[in-house]
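Colleague: Mind looking over this structure? Questions follow.
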Amino acid sequence: MNEYDVLIIGAGPIGLACGIEAKEAGLSYVIVDKGALVNSLYNYPVFMTFFSTSQRLEIGGVPFVSINARPNRNEAVEYYRRVTEKFSLNIHLFEPVKGVRKQEDGSFFVDTTKAIYRTKYVVIATGFYDAPVMMNIPGEELPKVTHYYKDPHLYAFQDVVVVGANNSAIDAALEAYRKGARVTLVIRKGEIGSYVKYWVRPDIENRIKEGEIKVYYHSELLSVEENSVKIRTEEGVLDIKNDWVIAMTGYKPDADMLKRLGVLLEERQGGVPAYNPDTMETNLPGLYVAGVVCGGLDTHKWFIENSRVHAEQIFAHIRGI
Numbered sequence: 006m007n008e009y010d011v012l013i014i015g016a017g018p019i020g021l022a023c024g025i026e027a028k029e030a031g032l033s034y035v036i037v038d039k040g041a042l043v044n045s046l047y048n049y050p051v052f053m054t055f056f057s058t059s060q061r062l063e064i065g066g067v068p069f070v071s072i073n074a075r076p077n078r079n080e081a082v083e084y085y086r087r088v089t090e091k092f093s094l095n096i097h098l099f100e101p102v103k104g105v106r107k108q109e110d111g112s113f114f115v116d117t118t119k120a121i122y123r124t125k126y127v128v129i130a131t132g133f134y135d136a137p138v139m140m141n142i143p144g145e146e147l148p149k150v151t152h153y154y155k156d157p158h159l160y161a162f163q164d165v166v167v168v169g170a171n172n173s174a175i176d177a178a179l180e181a182y183r184k185g186a187r188v189t190l191v192i193r194k195g196e197i198g199s200y201v202k203y204w205v206r207p208d209i210e211n212r213i214k215e216g217e218i219k220v221y222y223h224s225e226l227l228s229v230e231e232n233s234v235k236i237r238t239e240e241g242v243l244d245i246k247n248d249w250v251i252a253m254t255g256y257k258p259d260a261d262m263l264k265r266l267g268v269l270l271e272e273r274q275g276g277v278p279a280y281n282p283d284t285m286e287t288n289l290p291g292l293y294v295a296g297v298v299c300g301g302l303d304t305h306k307w308f309i310e311n312s313r314v315h316a317e318q319i320f321a322h323i324r325g326i
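Given below as structure tokens:
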């Protein structure tokens with residue numbers, strides 16, 4: 006049995022911020038994560054650029070210095086690794102949590118694949134990137150379909166369908182196009198998403214206007230075959246040649262885990278967990294949420310830059326400040 010004052014689930018930027026607060030408060034703590042350090046950022050596209058400036062991604066008072074106006078994925082991964090080193094944070098990686106059990110005395114038992122922990126407080130900072138929104142169509146399980154876009158070189162000189170209208174989809178479409186892919190965008194609505202980065206929007210609009218990237222608005226993917234896909238469009242169902250499908254359909258928090266723990270979810274608000282916005286404590290005393298997991302299915306509400314404060318709120322409450 007490993008005993009700590011605080012156990013933090015998730016070693017992303019907000020989980021790390023919580024670890025820093027715990028350490029500075031003199032509390033014993035451990036951060037556990039089922040993947041790598043800042044696993045979500047690690048799985049971002051290799052050449053991704055953040056919308057936020059580097060200053061708004063800082064945690065622990067450590068300056069994030071970038072040579073660019075907005076940092077990229079590689080700079081962010083390195084920054085958070087250096088922050089982890091600076092504070093010598095106690096992190097257990099590649100250790101998935103199997104369950105959390107609240108005890109009669111108010112403490113928690115946390116079961117992972119490697120150990121059992123007893124802790125006074127639990128902080129859930131798991132984000133949402135590990136659970137893609139599935140299309141639920143025939144052929145989605147084929148190897149040619151991915152919900153995670155990484156590197157455009159794989160798609161050079163291939164026929165690629167990109168599903169989605171927001172930043173992930175538009176970045177994938179543009180980068181694959183520039184590596185020689187023949188790109189088709191499939192978008193449910195009648196326009197590019199409103200959240201697309203302002204400096205990217207003119208680029209994708211011009212590529213579409215010039216016919217360099219094909220787009221079907223008011224359309225959806227119906228099925229995926231080995232060498233083609235079926236798309237429902239305004240002109241009817243089309244069967245087009247295809248080598249790869251990049252399904253940027255979005256991601257969602259692990260609501261099942263929250264339910265198993267006994268956290269109430271506000272279903273009318275898109276599965277938002279019940280919590281006190283001043284303290285971030287859920288309906289279960291001693292169990293807190295932090296970061297984008299607080300937004301439920303509204304994954305455009307919380308980001309690193311506006312949820313860093315959650316760590317301060319949580320540990321002010323734990324310390325009784």
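Quick note: the sequence shown uses our numbering, first residue 6, plus one each step.
Each residue gets a CB set at the ideal place from its N, CA and C atoms; glycine is no exception.
Quick caveat, the model's predicted, so the values are computed rather than measured.
Keeping to the same chain, check which residues put their C-beta closer than 7 Å to that of G66; ignore five residues upstream and five downstream.
Modeller: none
Colleague: When the distance is taken between beta carbons, is M253 closer than 8 Å to G195?
Modeller: In this structure, M253 does not lie closer than 8 Å to G195 by Cβ.
Colleague: Run through DSSP, which three-state label would T89 get?
Modeller: helix
Colleague: Pick out whichever of I245, L292 and W249 has its Cα sitting closest to the Cα of L266.
Modeller: L292
Colleague: Considering F114, what are the terminal residues of the beta strand (DSSP E) in which it resides?
Modeller: F113 to T117
Colleague: Nearest by alpha-carbon distance to V166: which of R183, T117, L190 and L179 is it?
Modeller: L190
Colleague: Measure the alpha-carbon distance for I64 versus E145 and round it to whole angstroms.
Modeller: So the alpha carbons of these two residues sit roughly 38 Å apart.
Colleague: The beta strand (DSSP E) spanning E225 covers which residue range?
Modeller: E225 to V229
Colleague: Name the DSSP bridge partner or partners of V166?
Modeller: T189 and V250
Colleague: Whole angstroms are fine: how far does the CA of G296 sit from the CA of D10?
Modeller: Looking at the two C-alpha atoms, the distance is approximately 20 Å.
Colleague: Below 8 Å on the Cβ atoms is my contact criterion, and I expect H322 with T287 to pass it. Report the Cβ-Cβ distance as a whole number of Å.
Modeller: With 8 Å as the limit, H322 and T287 do not qualify as a contact, their Cβ atoms being about 12 Å apart.
Colleague: Report the rounded CA-to-CA distance for N77 versus T54, giving the unit in angstroms.
Modeller: 4 Å
Colleague: I need the DSSP call for G301, collapsed to helix, strand or coil.
Modeller: coil
Colleague: Can the beta-carbon of Y160 be found closer than 8 Å to that of A178?
Modeller: no
Colleague: Please determine if the segment 121–136 and the segment 208–221 are in contact, where contact requires at least 3 C-beta pairs separated by less than 8 Å.
Modeller: no
Colleague: When you compare each of H97, Y221 and E109 to E239 by their alpha carbons, which one comes out closest?
Modeller: Y221
Colleague: Would W249 be called buried (16 or more neighbouring beta carbons within 10 Å of its own) or exposed?
Modeller: W249 is buried by the Cβ-count criterion.
Colleague: Three-state secondary structure (DSSP) at S45?
Modeller: Helix at S45.
Colleague: Determine the direct distance from the alpha carbon of N171 to that of R212, and round the result to whole angstroms.
Modeller: Taking the straight line from one Cα to the other gives about 16 Å.
Colleague: Mapping DSSP to helix, strand and coil, what is G59?
Modeller: This sequence places Ser at residue 59; Gly is not what is there. Helix, per DSSP.
Colleague: Identify the continuous beta strand (DSSP E) that holds I236 and give its terminal residues.
Modeller: S233 to T238
Colleague: Does the distance from the C-beta atom of S233 to that of I251 stay below 8 Å?
Modeller: No, these two residues do not count as a Cβ contact at 8 Å.
Colleague: Would DSSP call K39 helix, strand or coil?
Modeller: coil
Colleague: Enumerate in chain order the residues of its own chain whose CB-to-CB distance from R61 is below 6 Å, with the five nearest sequence positions on each side excluded.
Modeller: E310
Colleague: What residue does the alpha helix (DSSP H) around D208 start on, and which one ends it?
Modeller: R206 to K214
Colleague: Please state the DSSP three-state secondary structure of G104.
Modeller: Residue state, collapsed to three classes: strand.
Colleague: Among F113, E271 and L94, which has the Cα closest to the Cα of A27?
Modeller: L94
Colleague: Quick one: Cα of P290 to Cα of E271, how far?
Modeller: 18 Å
Colleague: Return the CA-CA distance between V70 and G301, expressed in angstroms with no decimal places.
Modeller: Here the alpha carbon of V70 sits roughly 32 Å from the alpha carbon of G301.
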